[in-house]
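Written out below as structure tokens is the structure these notes cover.
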Ligand SMILES: NC(=O)c1ccc[n+]([C@@H]2O[C@H](COP(=O)([O-])OP(=O)(O)OC[C@H]3O[C@@H](n4cnc5c(N)ncnc54)[C@H](OP(=O)(O)O)[C@@H]3O)[C@@H](O)[C@H]2O)c1
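In our numbering, the protein residues as written are 604 to 898.
Laid out in structure tokens, this is it:
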């Protein structure tokens with residue numbers, strides 16, 4: 604019988620890519636993508652019933668309350684979804700592989716190019732929930748945590764990625780202010796999905812960082828996207844995170860990804876080289892299929 608994989612958060616940005624790319628990167632697996640509409644992970648009884656029915660060999664846990672703002676607004680729900688539901692899943696998966704998607708937001712962003720052994724210090728509630736969940740997951744030596752950062756791509760309803768957020772704001776006639784002093788290492792969801800399937804294939808437990816090779820300011824990211832998104836023309840404005848009025852934002856969340864790179868068959872791309880490569884090959888900007896040059 605084919606090994607069975609469950610992917611949670613299957614209607615989310617990354618979950619969608621993980622599910623749809625499975626036929627390419629994990630063709631031997633039978634993949635069950637679970638959306639919140641199908642199964643609320645905070646309903647522990649239903650979750651247990653589903654696990655008993657599917658009997659997974661591996662679980663890729665992408666579901667989360669993933670927006671910083673939503674976590675600040677409803678910390679109780681954020682804790683329930685990001686920490687308690689994850690803890691429950693780790694118990695159900697105690698004898699199988701479990702991959703938990705965490706975030707660079709576990710760092711305070713004062714330094715950048717963070718390695719796995721660097722001390723986390725989250726400065727917002729989202730980051731705190733992800734760190735608490737990571738620590739619970741890593742208690743099991745079979746389990747894996749992959750910290751990612753700003754993820755590009757498109758989603759079914761066009762409402763998930765930062766690229767979609769920017770375009771929606773621009774199409775609504777709003778100026779899009781992008782901070783020139785806030786740095787990330789964006790990576791397309793297609794590359795993340797491939798890396799996750801490769802990790803599952805090798806059964807690698809522990810903590811990994813997975814971000815793009817290039818550290819870019821939000822402003823530089825917007826500039827890189829301009830040729831592909833004409834609706835952004837004339838709408839982007841450079842700003843400073845110093846003028847930000849909402850919750851705390853880490854300034855630099857670039858991640859050192861040397862550890863995960865040694866296990867991957869492809870070279871993790873930088874954001875701008877990914878975009879250039881797509882044009883060069885004449886393929887869809889975010890298509891997961893012919894992703895990245897080999898390592
Ligand atoms: N995207 C990024 O830039 C980024 C960066 C760092 C880390 N991450 C982490 O990567 C993972 C995937 O992120 P993403 O961008 O794909 O997030 P996303 O688009 O917000 O997807 C998360 C999914 O989780 C689902 N969900 C929320 N509460 C649930 C519940 N109680 N039961 C079942 N499902 C529930 C959501 O359902 P609905 O569709 O109904 O809302 C959504 O489909 C998350 O752990 C996130 O923290 C993402």
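Glycine is no exception: its CB is placed at the ideal position from the N, C-alpha and C atoms.
What is the DSSP secondary structure of residue 780, counted as helix, strand or coil? strand
Span of the alpha helix (DSSP H) around residue 841: Element bounds for residue 841: not the alpha helix (DSSP H) but the beta strand (DSSP E), 839-842.
In angstroms with no decimal places, state the Cα-to-Cα distance between residue 642 and residue 620. 19 Å
Would you check if there are 3 or more beta carbon pairs closer than 8 Å linking the segment 667-679 to the segment 771-780? no
In terms of residues, what are the limits of the beta strand (DSSP E) holding residue 636? Boundaries of the beta strand (DSSP E) harbouring residue 636: 633-637, taken from the DSSP string.
So, at 6 Å on beta carbons, what are the nonlocal neighbours of residue 707 in its own chain, with the 5 sequence-adjacent residues on each side left out? 750, 752, 856 and 858
Are there any heavy atoms of ligand 1 lying less than 7 Å away from the beta-carbon of residue 643, as far as the coordinates show? yes
Return helix, strand or coil for residue 791, following the three-state DSSP convention. strand
Which residues mark the beginning and the end of the alpha helix (DSSP H) in which residue 810 is found? No alpha helix (DSSP H) holds residue 810; the beta strand (DSSP E) holding it covers 809-813.
Limits of the unbroken alpha helix (DSSP H) element including residue 648: 647-657
Host beta strand (DSSP E) of residue 869 (start-end): For residue 869, there is no enclosing beta strand (DSSP E), as DSSP gives it neither H nor E.
Going by the DSSP bridge assignment, what does residue 609 pair with across the sheet? 635 and 662
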